[in-house]
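Contents: one structure, followed by commentary.
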Amino acid sequence: GGLRLVAPESSEELALESARQYDECYGLAFAQQLKNKDIPEGGSKAVCLIDTNDILHGTRDYVIRKSVKAMTDSILDLVIDTKKNQDAIADYF
5 GGLRLVAPES SEELALESAR QYDECYGLAF AQQLKNKDIP EGGSKAVCLI
55 DTNDILHGTR DYVIRKSVKA MTDSILDLVI DTKKNQDAIA DYF
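Anchor point for the sequence shown: position 16 equals 20 in the working numbering, and the numbering is continuous, going up by one each time.
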């Protein structure tokens with residue numbers, strides 16, 4: 005598995021990173037598959053793009069940590085099977 009945090013310094017960098025985020029994640033997974041060709045798949049890859057342009061410089065690290073926690077909580081909500089989570093998830097499949 006792996007998580008890459010991307011927190012661009014400018015709006016232009018944010019737009020560039022946003023456009024290439026899928027390719028980045030796909031490339032990470034593809035390289036891992038080539039590296040471990042004899043090992044069954046099981047790891048996952050994620051790229052978290054965090055917009056910190058309007059954030060005060062002193063609180064940037066705090067916002068990044070909170071973003072990772074929010075992303076992790078969201079994934080756990082989808083994985084952990086409870087009645088409360090089932091009611092909140094719209095499953096179209």
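Even for Gly, the Cβ is constructed at its ideal location relative to N, Cα and C. All figures in this text were calculated on a predicted structure; none of them were measured in a lab.
Cβ pair residue i, residue j closer than 8 angstroms
i	j	result
Ala11	Thr63	no
Asp95	Asn89	no
Val83	Leu9	no
Supposed close pair residue i, residue j - CB separation, criterion 8 angstroms
i	j	result
Ile59	Val67	5 angstroms
Leu38	Gly6	Actually they are not in contact, since the Cβ atoms of Leu38 and Gly6 sit about 15 angstroms apart, beyond 8 angstroms.
Reduced DSSP category for residue i - H, G, I as helix; E, B as strand; rest coil
i	result
Leu60	coil
Ala11	coil
C-beta neighbour in chain C for residue i, strict 8 angstroms
i	result
Val51	No chain C is part of this structure, which consists of one protein chain only.
Start and end residues, alpha helix (DSSP H) containing residue i
i	result
Ala92	87-92
Is it a yes or a no for the region 12-27 touching the region 51-67, going by three-plus beta-carbon pairs under 8 angstroms?
-> Yes, since at least three Cβ pairs between the region 12-27 and the region 51-67 fall closer than 8 angstroms, the two stretches touch.
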